[in-house]
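*Asks:* Just so you know, we're using my numbering here: the sequence shown kicks off at 42 and counts up by one.
Note that the Cβ used here is the ideal one computed from N, Cα and C, for glycine as well.
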Amino acid sequence: MPSFLKYRHPHVAATEARWQLCKTFYTGEGAASYLVRHEQGESSTSFEERARLAQFVPYVSTVIDTLAGVLFERESDVVRSWGFLGDPDTPGTEAYRLSRDTGGGLNYGTMLRRTAIDLLLYNEIFLLIDGEQVRTLSPLSVPNYLERNGRIESALVREVVDTRTSITEEPETIDQFVLYEPEGWTRYREDKGAAVAVSSGRYSESGRMYVDRTGAAIPPLVRVALPWRRYVAYMLAESARVLYNMESDRDSLLRSASYPKLVISGDDDHFIEQAEGLKKGSNVLQRLEEYGDHSYIAPPTGGIEVAGSTLRDKQADFYRHAWDLISAEGQVQKTATQVALERSAGLSSALSMIAATMEEIESNVLWLLAQSLSDRLSDWSSLTADWSGVDYSQVSIEMPQTA
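Now the structure itself:
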């Protein structure tokens, strides 16, 4: 029987390849693995050279970061109450400390911005309250979880750990897993195919458990999903993958055309003599009258011009497509004025949906964070965040212009 550390939630098993694609085409790390070798006419050596020279253009991150930036342009309109934690602008209060460091050196605002980016990128995220720290986890870090009635009952979180005890040792990392349950946590490593517990603990010295707003015991971890009908980031990442391959093909054609091959006219002896001279650095060739002129051959450049023109159209289409997906524009024919009005209204609606999800995220974070800092129920409900008053009706997004 395999170790339970290898199990995957059905949703994770069905979606993790899409999450990985989105991550790759957001960061650019590992993008070359998505290049497709031509079955005809491209040797493995040529493909490896093309992969090494492939230039990554951050189409996906341009859209995601722009949308997150617009979302937080009006963050000052969010109404927050820090309750029993005090005034976040008063040094010495818990609110002051947390607003400036939620763990890992991130202030509260930066943590929220990174959370919004991950939410848009993966369509869902996990948030973990680790003592007094807030950790945003991508779904790729949570391979398995048990969710019932809208609440997480237990979750397995993957960690990558440096096993060295001294800097003089050779670096080695391993995967380990933390199982979060209402009663506490247990850290596991896999040894010879079996899950071995290496440490465990409770969330408080008294053994008090975290609870949700209904009073049900839960681990200090929540899952929040963006309520969009489509996985927009994945659709954009697929388009970016196509563009990446097309741009690589175009650049490869240009590179090949930039290195024409010399055709030496002459018999075998003459060819060998001239070739040896070139190898030694000679910059002159002897022309034999009876064989005619030497010449160069290179791939035709007409294909490069067509590829460039096609790419420019597809690059422009990418950003228009992104805009339309985000603003949920209808497919029926409209006038230019109607399109502009509906894009504006659709974008405002999309941003409002993201803002409502960010409010849900903050509410969950503050509810659990309060329980880490106080054992009084009245304190827990005193931490609130209200995004409903943020007005996105006048926002607009300028997508990049393609060359």
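Quick check on this structure: which residue in Leu46, Lys320, Asp365, Ala363 has the alpha carbon closest to the alpha carbon of glutamate 34?
*Replies:* The displayed coordinates of the chain run from 42 to 444. Any statement about residue 34 would go beyond what the structure contains.
*Asks:* Who are the Cβ neighbours of glutamine 61 in its own chain at under 8 Å, not counting the five residues just before and after it?
*Replies:* Within the same chain, glutamine 61 has close Cβ partners Leu181.
*Asks:* Buried or exposed for glutamine 96, please, with buried defined as at least 16 other CB atoms from any protein chain shown within 10 angstroms of its CB.
*Replies:* Flag for glutamine 96 reads exposed.
*Asks:* Beta carbon of phenylalanine 167, beta carbon of leucine 267: below 9 Å?
*Replies:* Contact flag unset, no.
*Asks:* Using CA atoms only, rank isn't needed, just tell me which of Ser293, Val202, Asn324 is closest to phenylalanine 88.
*Replies:* The option with the nearest alpha carbon to phenylalanine 88 is Ser293.
*Asks:* Please confirm whether leucine 153 and isoleucine 402 have their CB atoms less than 9 Å apart.
*Replies:* For leucine 153 and isoleucine 402, yes; Cβs fall inside 9 Å.
*Asks:* Contact check, leucine 277 vs valine 104 under 8 Å by CB: the rounded distance?
*Replies:* Confirmed, about 6 Å.
*Asks:* Do glutamate 165 and valine 265 have their C-beta atoms closer together than 9 Å?
*Replies:* Yes, these two residues count as a Cβ contact at 9 Å.
*Asks:* What residues in its chain sit with their C-beta under 6 Å from that of tyrosine 163, if we drop five residues either side in the sequence?
*Replies:* Contacts found: Trp60, Ser179, Pro180.
*Asks:* Measure the CB-CB distance between serine 350 and glycine 333 and report whether it falls below 9 Å.
*Replies:* Cβ atoms of serine 350 and glycine 333: not closer than 9 Å.
*Asks:* Specify the secondary structure class of glutamine 412 as computed by DSSP and reduced to three states.
*Replies:* Correct three-state label for glutamine 412: helix.
*Asks:* Rounding to the nearest angstrom, what Cα-Cα distance links tryptophan 408 and glutamate 135 in this structure?
*Replies:* Going by the C-alpha atoms only, they are around 15 Å apart.
*Asks:* Closer than 8 Å by C-beta to leucine 76: which residues in its own chain qualify, once you throw out the five before and the five after it? Chain order, please.
*Replies:* Only Phe88, Arg91, Ala92, Ala95, Tyr285, Asn286, Ser289 meet the Cβ criterion.
*Asks:* Compute the beta-carbon to beta-carbon distance between alanine 238 and cysteine 63, rounded to the nearest angstrom, for a pair I have assumed lies under 8 Å.
*Replies:* About 33 Å; that fails the 8 Å criterion.
*Asks:* Is serine 240 near arginine 228, with beta carbons less than 9 Å apart?
*Replies:* Yes, they are a contact pair.
*Asks:* Here's the rule: buried if 16 or more other CB atoms are within 10 angstroms of the residue's CB, otherwise exposed. What is arginine 282?
*Replies:* Per the 10 Å Cβ criterion, buried.
*Asks:* Does the beta-carbon of alanine 54 have 16 or more other beta-carbons within 10 angstroms, so that it is buried, or is it exposed?
*Replies:* Alanine 54 is exposed by the Cβ-count criterion.
*Asks:* By the 10 Å Cβ neighbour count, where 16 or more other Cβ atoms means buried, how is leucine 382 classified, buried or exposed?
*Replies:* Because the pLDDT at leucine 382 is just 42, under 50, the model does not fix this residue reliably, and the point stays unresolved.
*Asks:* Just the Cα atoms here: how many angstroms apart are proline 129 and threonine 143?
*Replies:* Going by the C-alpha atoms only, they are around 13 Å apart.
*Asks:* Would tryptophan 421 and alanine 397 be called neighbours here (beta carbons separated by less than 9 Å)?
*Replies:* Going by C-beta atoms, tryptophan 421 is not nearer than 9 Å to alanine 397.
*Asks:* Could you give the residue range of the beta strand (DSSP E) that holds tryptophan 226?
*Replies:* Per DSSP, tryptophan 226 belongs to the beta strand (DSSP E) from 225-232.
*Asks:* State the start and end residues of the unbroken alpha helix (DSSP H) segment that holds isoleucine 158.
*Replies:* From DSSP, the alpha helix (DSSP H) with isoleucine 158 extends over 149-163.
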